[in-house]
Each structure stands twice: as structure tokens, then as C-alpha cells.
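Notes for the one structure printed next.
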Amino acid sequence: MDNSKNLNIIALDAMGGDYGPEVTVPAAVEATEKKDLAVILVGEKKLIDRELSKFSPLETSLLSVVPAQGVVTENESPALAYRTKPRASVYVAAGIVKAGKASGFVSMGSTGASIAASTVLYGTMDGIERGAIGGPVIGYSPRTVIVDLGTNVDTRPEQLLDFGALGSIMSRVIYKEKNPKIALLSVGKEKGKGSSLVKETSVLLENSGLNFVGNIEPDDLLKNEFEVVLCDGFVGNIILKFTESLGKIICSQINEILGETDISKTLTASIF
3 MDNSKNLNII ALDAMGGDYG PEVTVPAAVE ATEKKDLAVI LVGEKKLIDR ELSKFSPLET
63 SLLSVVPAQG VVTENESPAL AYRTKPRASV YVAAGIVKAG KASGFVSMGS TGASIAASTV
123 LYGTMDGIER GAIGGPVIGY SPRTVIVDLG TNVDTRPEQL LDFGALGSIM SRVIYKEKNP
183 KIALLSVGKE KGKGSSLVKE TSVLLENSGL NFVGNIEPDD LLKNEFEVVL CDGFVGNIIL
243 KFTESLGKII CSQINEILGE TDISKTLTAS IF
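Under the numbering used here, think of the first position of the sequence shown as 3, with each following residue one higher.
This is the structure we're talking about:
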């Protein structure tokens, strides 16, 4: 990776996801072609090298490989796996960032393992109890950060307040929003509507100093009017998986009707 000077370097858990290097290696090649990136592929070297051999030396010039042993599956306890599989790909990738050799790491593998590695190696911000996964998941609202997308299924009001602070920081840093509007996902916009978690969190947000604008309903997620939307990980993960499956069905129907045309590509791109 001699050409990586002055580029952002990302450590990629090449073993993550359903298909491992068969998907992650071509994705890394494409990413380096389209972005100012260099990628460190972390995982079983033999499997990674086999996929790299399908590309030319020029195409892989911004890629390098760091060996790792083992994968943390979704069925394993992240905390236990961290102790029993310290050389698993997700933990090695996180360690590369800790060592200052990459700006960040990406994994499509175990969510719990990624959070566990990040928490142990990087710690949390002052006043933040635990981390969460957040980001935009809907093409119609490409700058709306939804938190939590599945890390914390059971969440307390104080933790949702923390997620509001984290989401606000993400919106400021990545999307350059000066004063992100934070909304709380509920079954009604009226104050006092929703579960006990929503009601108690609403009170905390109102007194937090964050730019809390109140409750919203699920249809508001498509309006691109809010920079941060808060929900527990159970609800967030359902939103993530439902919109993903619905998007795939809509894209498939568009392609069936219009064929593989520029118009169909534009339409499907807007969905995701």
C-alpha cells in the first residue's frame, strides 16, 4: 500500500457479513477507486488473498492485509468472545485504530462485538454510559441520524438522553449541522403520548440543553425534517430491517417495470 500517503486509512473486518471476503474484498476495491481511501483488510489471509487475486495489481494498490484468526458470530457473547478470541478479525481491526494505523474500522459482522471492541479499546466520552449505533437508513432522509439502530434492545431514559447527545455530535461533525434538531420516535406527536420510556425520556430531553423538538411519528422519518431521531435499539433495528427489505422490493419492481435503465438506476438510488 505504498500509494496510501495522505489518504484516509480504514481497517475493514473482511470476515464480517454473510459472505465474508467474497463481498468485502470487491467492496474494498470499489471503495478505493471511488473515494480517497486506503483499506487494510483484516481476516483469514488465505481467503482474502484468493479474492485479491481476481483483481489487477493496480486495482489492489491501495489495499493491504493484516492476518486475523477467527470470527465472532451473532450467536456468541461479545464479552466472552473478546476474552476467548482476542485475534478475531473484528477485534484486530479495532486494535489497528487503537494503534494509530487507521482512522476507523468497519465491520458487517457482529454488532455486539464491534461495540464491545470499541468500548474496551477506546472507552466512552465523559458522561456517556454506553455507546450506540446510529446513522441514516432511508434514502429520502439521507442526513437523518437514527439512534439506536440495534445495539441496546433494553434502554433506560438516561441512556436515550446519551444517545441524543451522541447523535447530535455525529450530525455536527459529519453533516456540518450547527444545531441539530432532535426528535423522539413515538406513536403520536402530542406531548405525553407513548410508552413510559418515551414519556420519561421526553422530560429529560426538555431539560437537557439539546435542541429537542418533541415527538414524531414513523411517517416523519421520510420527511428529512429532523437531524436526529431517538428510539431504543429494539425499535431502531426493526426500522432498519423493514426499510431495507421494503427498499429491495420496491427497487426490484422498478427494475421489472422499467428495465435496467438510467431512470431506474436514479429511482432506486434515491430509495437507498
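Every residue, glycine too, gets a C-beta built ideally from N, C-alpha and C. It should be emphasised that the depicted structure is a prediction, and the values quoted were computed from it without experimental measurement.
At a Cβ-Cβ threshold of 9 Å, residue 238 and residue 149 count as neighbours. Around the C-beta of residue 255, fewer than 16 other C-beta atoms lie within 10 Å, and the residue is accordingly described as exposed.
Check the Cα spacing between residue 78 and each of 68, 67 and 90: the tightest is with 90.
Cα atoms of residue 156 and residue 184: separation of roughly 21 Å, rounded to the nearest angstrom. Per DSSP, residue 176 has no beta-bridge partner at all. Nearest to residue 72 by alpha-carbon distance, out of 83, 229, 173 and 218, is 83. Of the residues assessed, residue 80 falls on the buried side of the cut-off, its CB having 16 or more other CB atoms within 10 angstroms. Our two residues, residue 191 and residue 197, have alpha carbons roughly 13 Å apart in a direct line. A contact between stretches requires three or more CB pairs, one per stretch, nearer than 8 Å, and the stretch 44-51 fails this requirement with the stretch 137-152. For the stretch 56-115, the continuous beta strand (DSSP E) assignments of 3+ residues that do not extend past its boundaries occur at 65-69 and 106-108, in sequence order. Our two residues, residue 40 and residue 123, have alpha carbons roughly 22 Å apart in a direct line. The beta-carbon distance between residue 12 and residue 114, rounded to whole angstroms, is 21 Å. This is too long to meet the 8 Å contact definition. Distance from the CA atom of residue 247 to the CA atom of residue 166, rounded to whole angstroms, is 27 Å. Our two residues, residue 182 and residue 116, have alpha carbons roughly 26 Å apart in a direct line. When the five nearest sequence neighbours on each side are left out, the beta carbons in the same chain lying within less than 7 Å of the beta carbon of residue 161 are those of 131, 132 and 154, in order along the chain. In the structure shown, residue 40 adopts extended strand secondary structure according to DSSP, grouped into three states. Residue 147 is positioned such that its CB atom lies closer than 9 Å to that of residue 231.
Per the coordinates, the alpha-carbon of residue 270 lies some 29 Å from the alpha-carbon of residue 189. Assignment of residue 137 by DSSP, reduced to helix, strand and coil, places it in the strand class. No Cβ-Cβ contact shorter than 9 Å links residue 206 with residue 151.
Using a 10 angstroms sphere on the CB of residue 20, the tally of other CB atoms stays under 16, which defines it as exposed.
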